[in-house]
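Residue numbers (this note's numbering): 119 to 249. Beta carbons are placed, not taken as given, at the ideal position from N, Cα and C, and that holds for glycine. This one's a predicted model, so the numbers in the text were calculated from it and none came from an experiment.
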């Protein structure tokens with residue numbers, strides 16, 4: 119314990135892992151039989167739960183190394199292994215209107231000193247209507 123934060127060495131890099139945000143997870147509800155005025159199905163999302171996560175901005179260097187191009191408003195999240203997350207979920211920081219989509223697939227690291235899930239997310243230009 120150093121200054122109130124847990125510091126661990128993971129893959130040779132210094133990683134400070136602490137929970138600083140609460141994230142709501144929303145899953146697309148495929149069974150929506152509700153139709154709008156035009157007879158089109160209304161897209162609905164089901165709230166899976168709210169979880170405490172470590173939410174950090176992703177550096178442009180990391181983005182260029184991983185994706186070969188610049189991505190704006192990109193973040194990384196570290197979650198507990200017990201969080202039921204999939205790559206199709208929509209995320210929203212508790213108490214904020216912005217929504218985030220997952221880029222790629224969540225990475226499950228259960229062989230490290232600190233077992234966790236690493237997720238790369240990107241802020242959506244138009245927030246998804248969840249409620």
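Problem - Span of the beta strand (DSSP E), counted from its first residue to its last, around residue 210 - result: 208-211
Problem - Euclidean distance between Cα positions of residue 235 and residue 153 - result: The straight-line gap separating the alpha-carbon atoms of residue 235 and residue 153 is approximately 36 Å.
Exercise for the section: Could you say which of 224, 163, 212, 160 lies nearest to residue 200 if we only look at CA atoms? Expected result: 224
Exercise for the section: Compute the distance between the beta-carbons of residue 205 and residue 172, then report whether it is under 8 Å. Expected result: no
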